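Notes for the one structure printed next.
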């Protein structure tokens, strides 16, 4: 028995339990945030490929402390692309879910109106756009992509499509493309995505 290995495994499990939230956590990769960001970027690449819309591959994590960006990839010409990942989730619903689990009752879902959804998307896009001047390891001639992921139960594929119809999102200065990635949908056997209507 390797005591160092056992200690590492125990610490990994402790961190995973601490991070477990029991709400909107499809994309939550236990104790490893770098792996989580890489997995989300890769899931988007796979979904784009399945739709015949692929424009990047060879995703790699930049790992802390070499971020931002969270990941980088290559476009079809072999040029480097920066990827930043962020989550759309109701933090109050996470806390409510933890309390519900402790009290052995069902977990309530957050309600998302169209206005709230679009406001929160805009807020996340604005924050990530402001990160651009601090990107490390550049230049990134293929552009700067933001991936917003969500596993909010209310925000399923149909609701999101309805909410994004004719949506006008914030004008960005640095982000070249932005996507909303939803959790795995067994009916299409991949994670659905929407390219967000941003104007540069």
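Numbering (the numbering used here), first residue to last: 7 to 206. The beta-carbon is built from N, C-alpha and C at its ideal position, and this holds for glycine as well. Note that the structure is a prediction, hence the values are computed from the model and not measured.
Are residue 156 and residue 95 touching if we call contact CB-CB under 8 Å?
Working through the chain shown from its first residue, we reach residue 156 at position 150. Working through the chain shown from its first residue, we reach residue 95 at position 89. If you check the CB distance, residue 156 and residue 95 come in under 8 Å.
Rounded straight-line distance, which links the Cα of residue 149 to that of residue 204
Locating residue 204 in the chain shown gives position 198, counting from the first residue. Locating residue 149 in the chain shown gives position 143, counting from the first residue. Between residue 204 and residue 149, the C-alpha separation is close to 14 Å.
Just mark residue 29 as buried or exposed, buried being the case when its beta carbon has 16 or more other beta carbons within 10 Å.
Position 23 of the chain shown, counted from the start, is the residue given in the question as residue 29. With a pLDDT of 47 at residue 29, under the threshold of 50, the modelled position of that residue is not reliable, and no figure is offered here.
How many whole angstroms separate the CB atoms of residue 130 and residue 154, which I take to be in contact at a CB cut-off of 8 Å?
Here residue 130 refers to the residue found at position 124 of the chain shown. Here residue 154 refers to the residue found at position 148 of the chain shown. Contact holds; Cβ gap of about 5 Å.
Since residue 141 contacts residue 74 with CB under 8 Å, what's their CB separation in whole angstroms?
In the chain shown, counting from the first residue as 1, residue 141 sits at position 135. In the chain shown, counting from the first residue as 1, residue 74 sits at position 68. About 5 Å separates the two Cβ atoms, so the contact holds.
Just reading off the alpha helix (DSSP H) that residue 87 is part of, what are its end residues?
As a first step, residue 87 is located in the chain shown; it is residue number 81 there, counting from the start. No alpha helix (DSSP H) contains residue 87, which is instead part of the beta strand (DSSP E) from 86 to 93.
Taking the beta carbon of residue 133 as the centre, do at least 16 other beta carbons fall within 10 Å, making it buried, or is it exposed?
The residue you call residue 133 lines up with position 127 of the chain shown. Within a 10 Å sphere around the beta-carbon of residue 133 sit fewer than 16 other beta-carbons, which makes this residue exposed.
Considering only the alpha carbon of each residue, which of 115, 192, 138, 185 lies closest to residue 60?
The sequence position of residue 60 within the chain shown is 54, counting from 1. With distances taken between Cα atoms, residue 60 lies closest to 185.
Quick one: what's got a C-beta closer than 8 Å to residue 160's C-beta in the same chain, skipping five residues either side?
Here residue 160 refers to the residue found at position 154 when the chain shown is read from its first residue. Correct list, in chain order: 115, 116, 117, 118.
Does DSSP classify residue 181 as helix, strand or coil?
Counted from its first residue, the chain shown places residue 181 at position 175. In this structure, residue 181 counts as coil in the three-state DSSP scheme.
I need the straight-line Cα distance from residue 136 to residue 58, nearest angstrom please.
Here residue 136 is taken as the residue at index 130 of the chain shown, counted from 1. Here residue 58 is taken as the residue at index 52 of the chain shown, counted from 1. Each residue's Cα considered, the two are about 31 Å apart.
Suppose you measure from the CA of residue 27 to the CA of residue 190; what does that come to, to the nearest Å?
By 1-based counting over the chain shown, the position of residue 27 is 21. By 1-based counting over the chain shown, the position of residue 190 is 184. Confidence at residue 27 is low in this model, with a pLDDT of 48, below 50, so the placement of that residue is unreliable and no value is reported for it.
Thinking residue 187 and residue 46 are a contact (beta carbons under 8 Å), I'd like their distance in whole angstroms, please.
On the chain shown, residue 187 is found 181 positions in, with the first residue counted as 1. On the chain shown, residue 46 is found 40 positions in, with the first residue counted as 1. That belief holds up - the Cβ atoms of residue 187 and residue 46 are roughly 6 Å apart, short of 8 Å.
Please report the Cβ distance between residue 62 and residue 49, rounded to the nearest whole angstrom; I am assuming they are in contact, meaning their Cβ atoms lie under 8 Å.
The residue labelled residue 62 in the question sits at position 56 within the chain shown. The residue labelled residue 49 in the question sits at position 43 within the chain shown. Residue 62 to residue 49, Cβ: 13 Å. No contact.
Count the other C-beta atoms from every protein chain shown that fall within 10 angstroms of the C-beta of residue 76, then say buried if there are 16 or more, exposed otherwise.
Walking along the chain shown from the start, residue 76 turns up at place 70. Burial call: buried.
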